[in-house]
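Q:
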Amino acid sequence: MFSLINPDGTVRDRLPVTLEEMRGLYADMVEARAYDHKCMALQRQGRLATYAPFEGQEASQIGAAAALRADDWVAGTYRDAALMWRSGYPWRLLIAGRTGDERGGSPPDDVNVLPPSITVGGHMIHAVGLAWAEALKGSDRVALTSFGDGATSEGDFHEAMNFAAVYGTPTVFLCQNNGFAISYPRSEQTISESIAMKADGYGMPGVQVDGNDVAAVLTVTREAIDLARKGGGPSLIEAVTYRLGPHTTADDPGRYRDEDEALAWRERDPLQRVRLLLERAGGWAPDWQEELETKATTRIEEAVAEAEALPEPNLEEMFGRMYEEPTGPLQDQLDEAGNE
Amino acid sequence: MSEVTLAQSLNGAMDTALGSDERVVLLGEDIGRTGGVFRITDGLLDKYGEKRVFDTPVAESGIVGAAFGMAIAGLRPVVEIQFLGFSYPAFDQIINHVARIRNRSNHRFTAPMVIRIPFGGGIGAAEHHSESTEALYAHIPGVKVVVPSTPSDARGLLLAAIEDPDPVVFLEPIRLYRAVKEDVPDLYYTTEIGRLRVEREGDDITFISWGAMIKETRAAATALEEAGWSVEVLDLRTLSPLDHVGIVTSARKTGRVVVVHEAPRTGGLGGEIAAIIQEGALYSLLAPVRRVTGWDTVFPLKRSEGHYLPNVDQIVSAAEEILEA
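For the record, the sequence lines run as chains U and L. Using numbering that gives the first Met the number 0, you'd call the opening residue of the first sequence number 0 and step up by one each time. Using numbering that gives the first Met the number 0, you'd call the opening residue of the second sequence number 0 and step up by one each time.
1) Taking the alpha carbon of residue 309 (chain U) as the reference point, which residue from U:93, U:6, U:1, U:59 has its own alpha carbon closest?
2) Could you check if residue 143 (chain L) is buried or exposed, using at least 16 other CB atoms within 10 Å of its CB as the buried criterion?
3) When the Cα atoms are used, what is the spatial distance from residue 68 (chain U) to residue 36 (chain L)?
4) Any C-beta of chain L sitting closer than 9 Å to the C-beta of residue 314 (chain U)?
5) Which whole runs of the alpha helix (DSSP H) in the region 220–276 of chain L are 4 residues long or more, in chain order?
6) Please report how far the alpha carbon of residue 242 (chain L) lies from the alpha carbon of residue 152 (chain L), in whole angstroms.
7) Against chain U, which members of the region 47–70 of chain L pass a CB distance test of less than 7 Å?
8) Across the region 276–284 of chain L and the region 230–241 of chain L, are there enough close Cβ pairs to call them in contact, namely three or more that are closer than 8 Å?
9) Could I get the ranges of all uninterrupted alpha helix (DSSP H) runs contained in the region 142–179 of chain L, with 4 residues as the minimum, in chain order?
10) Using CA coordinates, which residue listed in L:91, L:70, L:212, L:238 is at the minimum distance from residue 109 (chain L)?
11) Considering only residues of the same chain and omitting the five flanking positions on each side of residue 30 (chain U), which have a CB-CB separation below 6 Å?
12) What whole-angstrom Cβ distance do residue 258 (chain L) and residue 207 (chain L) have, given they're in contact under 8 Å?
13) Just how far apart, CA to CA, sit residue 358 (chain U) and residue 50 (chain U)?
14) Roughly how many whole angstroms lie between the Cα atoms of residue 47 (chain U) and residue 302 (chain U)?
15) Go to residue 161 (chain U), then tell me how far its alpha helix (DSSP H) extends in each direction, as first and last residue.
16) Just to confirm before moving on: does the CB-CB distance between residue 145 (chain U) and residue 74 (chain U) stay below 9 Å?
17) The alpha helix (DSSP H) spanning residue 287 (chain U) covers which residue range?
18) Locate the beta strand (DSSP E) running through residue 314 (chain L), then write down its first and last residues.
19) Hey, out of L:92, L:100, L:137, L:195, whose CA is closest to residue 147 (chain L)'s CA?
20) Compute the Euclidean distance between the alpha carbons of residue 115 (chain U) and residue 4 (chain L), then round it to the nearest angstrom.
21) Thinking C-alpha only, which one of U:314, U:322, U:321, U:326 is nearest residue 336 (chain U)?
22) List the residues of chain U that residue 260 (chain L) touches, going by C-beta distances under 9 Å, in chain order.
23) Return the chain-ordered list of same chain residues with a C-beta closer than 8 Å to the C-beta of residue 191 (chain U), the five sequence neighbours on each side being excluded.
24) When DSSP labels each residue in this structure, what does residue 23 (chain L) get in the three-state scheme?
25) Strictly below 7 Å CB to CB, what residues from chain L border residue 114 (chain U)?
26) Should residue 108 (chain L) be flagged as near chain U, meaning a C-beta pair shorter than 9 Å?
27) Locate the beta strand (DSSP E) running through residue 2 (chain L), then write down its first and last residues.
28) Please return the same chain residues whose Cβ sits closer than 6 Å to the Cβ of residue 37 (chain U), not counting the five positions on each side in sequence.
29) Restricting to Cα atoms, I'd like to know which of U:243, U:168, U:118 is closest to residue 68 (chain L).
30) Would you verify that the beta carbon of residue 277 (chain L) is, or is not, closer than 9 Å to some beta carbon of chain A?
31) Suppose you measure from the CA of residue 271 (chain U) to the CA of residue 91 (chain U); what does that come to, to the nearest Å?
32) Tell me whether residue 209 (chain L) sits in a helix, a strand or coil according to DSSP, three-state version.
33) What does the alpha-carbon distance come out to for the pair residue 55 (chain U) and residue 164 (chain U)?
34) At 9 Å on the CB atoms, spell out the chain L contacts of residue 180 (chain U), in chain order.
35) Check the C-beta distance from residue 65 (chain L) over to residue 72 (chain U) and give it rounded, since I have them as a contact under 8 Å.
36) Which residues, in order along the region 144–162 of chain U, keep a beta-carbon less than 9 Å from a beta-carbon of chain L?
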């Protein structure tokens, strides 16, 4: 498994990431964690619908997103808010989506990040089509798709991997192996030694990386993206990480996992090791930490306020979103609904 | 103007689309080298090359899902699935993604794409090759479902479907691919989606059908006309959105309606059409709306097809019952 930073913050090898970049990645992870904690709290207050936390997976998401160019495509899941945000999707829209508002699914025009896929696995092939179209149009944009270990059991994984390899599309497959698909452990999901090794069968490179090591994730994702952008085709990255929280706010992990295991993973926390590294290198101080946290909290609070200030969704919009122009029968139904 | 079959007309429409819009690409199993199992894309790979026409691995969900990504990124993919019975692996992509991305993203991302699927029986094919499950697709909000039954509609509707800003499931009646010939303009033209075609005007009774059953419906109308009745025949052409106005207008005029479809009766579109008629034309009706349909059985293999497919006599009998009522 490729890694660069040990859990105690010491560096395994020469770090191909500058100190300034590490500080930026750390700041992003702090902000992402603040978002995650805020959403858990909002859900408990009944202000969000079900929420799927990503705590513990910040390095996988921020590291991968940091390797992308601003105009690249991203197709992720309901647990990828950090990845989406770091790729340009505003917090306020992510929150709006979780309050149960379709307007949250509409990122700004220059952000090529699809709203999250809720069904498991169906979106991986979309990143193949997106990348394929870009290659056909002669652009050098790539598409990254993120999914969990559970999704690799779906037939969709096979079809997406195979299509990408057959047509050599510039697609990066990022599997965040977080140990569980709701309650079902990775060890039972597949008896394959790793998920990364599945890439072999499709004829594409596969790499397993410490998903709690932001520098390592950034490095392998950069390599995969460089390869794709140069016409070298798709790659599979397995980021080995751990979902510290529940599957969603509707779940109780105590029913299926040993909490000692979760505690042990807390020792491998993706933020902590970067803080230790920065501290050692003289790039961290308590007041900077405080500044980061204050800034993150302020931004998230603003985003929450903006999301909650969206006007009540209206009937016309619900009908109007189905087609570019409402069909005749739909228009009739809108009239009927409006009269009730 | 050339006299062409429905199959040739579809081929010509894709040729025209590929030639006039560089965003159009074709994807499907065996559509390139062999021109597709029904040869509908014959010659297009040679003419437009391997960056426009793609033979794909055997994976219907993958084909539709990849085309969906292409559509979001600005291309206009036209997908071929070999048979309606093979489309179900792609059903998840269609109902969960293709039909919903406009809604999910509040118009920010859209999937202007066409999913062409040959459908219907009567050709003595193997299991799964004769399905008429169009109601499954017509039930999905967010897609349109189109069924041509004539060569000129085939061209106009396919070009309209390719132009459409929303996804279209385009069902092609296998039995009619080479059974009908018609003069079709070589021009670029579109036929409006969502409007039925009055195939024949009449006053005593309305026949409503689509796809391959138009042939039997037409023959039944001719038989009744020989017996002195005046029959109106509607070819729906679009199953979603249904042309409520066209259906109700005709029902009000004749007061008697027979709906003919090959699909199983229960949950088939005949029930929906009957409901539209009773909501919009009940007081003009002179008799109950009749359905002549396939049975609620699996579409049978070759030797039993005759037991399943609605025939001219059944349509005539159903019509006579309500004409005499």
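Ideal Cβ placement from N, Cα and C applies to all residues, glycine included. As the structure is a computational prediction, the values presented were derived from the model and not from experiment.
A: On the basis of the coordinates in this document:
1) U:93
2) buried
3) 42 Å
4) no
5) 243–253
6) 16 Å
7) 50, 56, 58, 60, 61, 64, 65, 66, 67, 68, 69
8) no
9) 150–162
10) L:70
11) 295
12) 5 Å
13) Since the displayed chain U opens at 0 and closes at 339, residue 358 (chain U) lies outside it and no answer follows.
14) 13 Å
15) 154–166
16) yes
17) 285–307
18) Segment 311–322 is the alpha helix (DSSP H) holding residue 314 (chain L); no beta strand (DSSP E) there.
19) L:195
20) 44 Å
21) U:314
22) Here the premise fails: no neighbours, minimum Cβ distance about 19 Å.
23) 197
24) strand
25) 103, 104
26) yes
27) 1–4
28) 299
29) U:168
30) Among the chains of the structure shown, chain A does not appear; the protein chains present are U and L.
31) 27 Å
32) coil
33) 31 Å
34) Within chain L, no residue comes near residue 180 (chain U); the closest Cβ sits about 18 Å away, beyond 9 Å.
35) The Cβ separation is near 13 Å, so there is no contact.
36) 154, 155, 157, 158, 159, 161, 162
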